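2 protein chains.
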Amino acid sequence: MGTKTFTGEFRYSIDSKGRVNIPAKFRKALPETSEDTFVVTRGLDENIVAYSLDKWQKIEEELLKLSSRLPGHRAYKRQATRFATPLKFDSQGRVAIPANLLQHAGVEKDVVIIGMIDEIEIWDPEVLKRYEETEFQLDAEDIEAIDDYTRSS
Amino acid sequence: MGTKTFTGEFRYSIDSKGRVNIPAKFRKALPETSEDTFVVTRGLDENIVAYSLDKWQKIEEELLKLSSRLPGHRAYKRQATRFATPLKFDSQGRVAIPANLLQHAGVEKDVVIIGMIDEIEIWDPEVLKRYEETEFQLDAEDIEAIDDYTRSS
DNA sequence: GAGATTTACCCACTATTACCCATAAATTAG
DNA sequence: CTAATTTATGGGTAATAGTGGGTAAATCTC
Chain A
1 MGTKTFTGEF
11 RYSIDSKGRV
21 NIPAKFRKAL
31 PETSEDTFVV
41 TRGLDENIVA
51 YSLDKWQKIE
61 EELLKLSSRL
71 PGHRAYKRQA
81 TRFATPLKFD
91 SQGRVAIPAN
101 LLQHAGVEKD
111 VVIIGMIDEI
121 EIWDPEVLKR
131 YEETEFQLDA
141 EDIEAIDDYT
151 RSS
Chain B
1001 MGTKTFTGEF
1011 RYSIDSKGRV
1021 NIPAKFRKAL
1031 PETSEDTFVV
1041 TRGLDENIVA
1051 YSLDKWQKIE
1061 EELLKLSSRL
1071 PGHRAYKRQA
1081 TRFATPLKFD
1091 SQGRVAIPAN
1101 LLQHAGVEKD
1111 VVIIGMIDEI
1121 EIWDPEVLKR
1131 YEETEFQLDA
1141 EDIEAIDDYT
1151 RSS
């Protein structure tokens, strides 16, 4: 039994039928209870995020704790839910990602799939490159803040 | 039973199928729970770092404490996981290191494998030599700073 | 409801990877 | 010193991963 987590980076292209391969390693990391299904939705960055069905159910539980009276909570809950789609992969391990998600991520032909332990990110290569040059840059202060955060939990 | 830590330096070459030998001493130092598996990823220097599966799982636990809502946390988690790959060595004790990692380390044919107690570094011989002549040089101030650091923990 | 379009399911091909066996050098044991 | 074992290296073969495409069912359009 290897790890049941998502790690590593893979590059694929979308075929003429709009299908994208999911790395075999990620498919194998799916728990039995997720029944060959990932839930994809908009990422907070300009990308697509995919969760195992299990993980998504936990996210739903979290969202249910939010107050439907507070506009901010409603907005967050709506944003997280409205674009979420469960996708079952075919016998060759591919899924067809909805067009509106591809558009949100700026995906045209190629995708980079990144393992993030308990979630998966799907990026357009060009967009990813742009982010690498800007948003991803962390300075010493950022690192320190993260260090404090993990230490205190 | 020797120690369960990684020490010493070894030199190997990559074969025609892209496989590199892992020193027998290091394989034996792997705990049973790591199931003949190392996790390799990009080093902070121009090299490749390998952890025992056990050690990596501890790193993952830390990363899971981060919030996926905070951009800085996401960036940090992404950077730590995107190049990480678990590698199980074959019955002859070899692993196939992904091409993008070899590229990052500037490895072409030969590698130097260095034990770093709880982690392993994999270098291209030429790159290592270059680092030895520059970055590795420590002056009195550096030593003093290290002394303070260890004393305070 | 008939035709057109999309989706789901299946089969096929190729390159890569995983797994196995073999050999030579090095190390250890007696 | 010699035999036995372990280590490092090479290579063959079967299984898997990734990619492309065909066809029938389902959905949509008019």
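Protein sequences, first through last, are from chains A and B. According to this note's numbering, the first sequence is numbered sequentially starting from 1. According to this note's numbering, the second sequence is numbered sequentially starting from 1001. Note that beta-carbon positions come from the ideal geometry of N, C-alpha and C, so glycine has one too. Just so you know, these numbers come straight off a predicted model, no measurement behind them.
>> Against chain B, does A:L101 count as a neighbour if the rule is that its beta carbon must be under 8 Å from one of theirs?
In response: Position 101 of the first sequence, counting from 1, holds the residue named residue 101 of chain A. No, because no Cβ of chain B sits closer than 8 Å to the Cβ of A:L101.
>> Just to confirm the assignment: which complete alpha helix (DSSP H) runs, minimum length 4, are found wholly within the region 1013 to 1063 of chain B?
In response: 1024 to 1029
> Which residues, taken in chain order from the region 1045 to 1068 of chain B, show a beta carbon closer than 9 Å to some beta carbon of chain A?
Replying inline: L1053, W1056, Q1057, E1060, E1062, L1063, L1064, K1065, L1066, S1067 and S1068
> What is the rounded straight-line gap between the Cα of B:I1120 and the Cα of B:I1146?
Replying inline: Here residue 1120 of chain B refers to the residue found at position 120 of the second sequence. Here residue 1146 of chain B refers to the residue found at position 146 of the second sequence. If you take the alpha carbons of B:I1120 and B:I1146, they lie about 21 Å apart.
> Applying a beta-carbon distance threshold of less than 7 Å, which residues of chain A neighbour B:H1073?
Replying inline: Walking along the second sequence from the start, residue 1073 of chain B turns up at place 73. Those within 7 Å of B:H1073 in chain A are I146.
>> Counting beta carbon pairs with one atom in the region 1030 to 1040 of chain B and one in the region 1132 to 1145 of chain B, are three or more of them shorter than 8 Å?
In response: no
> So A:G115 is in the beta strand (DSSP E); what residue range does that whole segment cover?
Replying inline: On the first sequence, position 115 is the one that residue 115 of chain A refers to. Its beta strand (DSSP E) spans residues D110 to G115.
> Which residues bound the alpha helix (DSSP H) around A:P125?
Replying inline: Numbered from its first residue, the first sequence carries residue 125 of chain A at position 125. Element bounds for A:P125: P125 to E133.
>> Is any non-hydrogen atom of the ligand MG found closer than 7 Å to the C-beta of B:E1144, if you look at the structure I gave you?
In response: As far as ligands go, the structure on display features none, and thus does not contain the ligand MG.
> Is B:R1069 helix, strand or coil when you go by DSSP?
Replying inline: Counting from 1 along the second sequence, the entry for residue 1069 of chain B is found at position 69. B:R1069: coil per DSSP, three-state reduction.
>> Just to confirm my understanding: we take B:T1003, look at its own chain, exclude 5 residues before and 5 after, and list those with CB closer than 8 Å. What are they?
In response: Position 3 of the second sequence, counted from the first residue, corresponds to residue 1003 of chain B. So the qualifying residues of the chain are A1029.
> Where does A:E154 fall in DSSP's three states?
Replying inline: Missing from the structure shown is residue 154 of chain A; chain A here goes from 1 to 153 and no further.
> Among the residues of its own chain, which have a CB less than 6 Å from the CB of B:A1050, if the five just before and after it don't count?
Replying inline: Here residue 1050 of chain B corresponds to residue number 50 of the second sequence, with the count starting at 1. F1038, V1040 and I1120.
> Does A:F38 get closer than 8 Å to chain B when you measure Cβ to Cβ?
Replying inline: Here residue 38 of chain A refers to the residue found at position 38 when the first sequence is read from its first residue. Not an interface residue.
> Roughly how many whole angstroms lie between the Cα atoms of B:E1009 and B:R1078?
Replying inline: If you number the second sequence from 1, residue 1009 of chain B lands on position 9. If you number the second sequence from 1, residue 1078 of chain B lands on position 78. Their Cα atoms are separated by approximately 31 Å.
> Quick one: is B:D1015 buried, meaning 16 or more other Cβ sit within 10 Å of its Cβ, or exposed?
Replying inline: Counting from one through the second sequence, the residue named residue 1015 of chain B turns up at place 15. Exposed: under 16 other Cβ atoms inside 10 Å.
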